[in-house]
Amino acid sequence: MAKGYWVSAYRTISDPEKLAAYNQLAGPAVEAGGGRPLALGGRAVAHDDGIAERVVLIEFDSFEQAVAAHASEAYQQALVVLSDGVERDFRIIEGV
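When you read off a place in the sequence shown, starting at 1, and then add 575, the result is the number in our numbering.
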């Protein structure tokens, strides 16, 4: 079974306090959903039209598990807290 991944590329962070509050809720929600952080905003080099801002990569045992974790009540509450604090490109992708 192919793994699932959350990939978040942050274009802007306009409210670091909202991001910090989101992180407090999102971390436990991701863990409860079976997610494992692989990258949490370390150094990045951007190419082409990319922006060298925060990038987060979370691994799940399956694509379906990744989708379910995003839909979970706990993660949805984290998104409410984040609201307009960031602009990001968030994707759930299937591994090979």
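Virtual Cβ for every residue (Gly too), placed ideally from N, Cα, C.
query = Do Val-631 and Leu-615 have their C-beta atoms closer together than 7 Å?
reply = yes
key: Endpoints, alpha helix (DSSP H) assigned at Glu-606   = 591-607
message = Along the chain, where does the alpha helix (DSSP H) containing Glu-639 start, and where does it finish?
response = 638-646
key: Cβ neighbour criterion (16 or more within 10 Å) applied to Ala-627   = exposed
key: Chain-order list of residues whose beta-carbon lies under 6 Å from that of Lys-593 (same chain, five-residue window excluded)   = Leu-657 and Gly-660
query = From Ala-596 to Asp-623, what does the alpha carbon distance come to, in whole angstroms?
reply = Going by the C-alpha atoms only, they are around 32 Å apart.
key: Among Leu-613, Trp-581, Val-605 and Asp-636, the one whose alpha carbon lies nearest that of Tyr-650   = Val-605
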